[in-house]
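Everything in the sequence shown is counted per the numbering used here, starting at 1213 for the first residue and increasing by one. For every residue, glycine included, the Cβ atom is placed at its ideal position computed from N, Cα and C. Report on the following structure.
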Amino acid sequence: MKFDLSIEDNFASFIDEKTEKSVFIDSFDNQEFEVRIGTVRESQSAGSITAHSTEEFNSRGQINILAPY
């Protein structure tokens, strides 16, 4: 799943309709973004993305949510 997010956004969520899994992204400093995959009730960390610009974030922000989360 590829998403388009501005680094000025502190939180975003996306749902993959094929797998029905959600991706949650949040940041407190708009440089380090934590990524979680699962449901609203239960999710697991998928890692983090560090970026200093929106372009840098979106170039790194591609997640394979077919992984066993």
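Exposure label - residue i; buried when at least 16 CB within 10 Å
{"i": "residue 1265", "result": "exposed"}
{"i": "residue 1239", "result": "buried"}
Contact check, residue i vs residue j, beta carbons under 7 Å
{"i": "residue 1236", "j": "residue 1225", "result": "yes"}
{"i": "residue 1262", "j": "residue 1244", "result": "yes"}
{"i": "residue 1248", "j": "residue 1257", "result": "yes"}
{"i": "residue 1270", "j": "residue 1221", "result": "no"}
Pick from the options that is closest to residue i, judged by C-alpha positions
{"i": "residue 1233", "options": "1270, 1267 and 1252", "result": "1252"}
Three-way DSSP call (helix, strand, coil) for residue i in this model
{"i": "residue 1224", "result": "strand"}
>> Quick check for students: name the residue ranges of the beta strand (DSSP E) that lie wholly in the stretch 1226–1271, counting only runs of 3 or more.
In response: You should have 1233–1238, 1244–1250 and 1255–1262.
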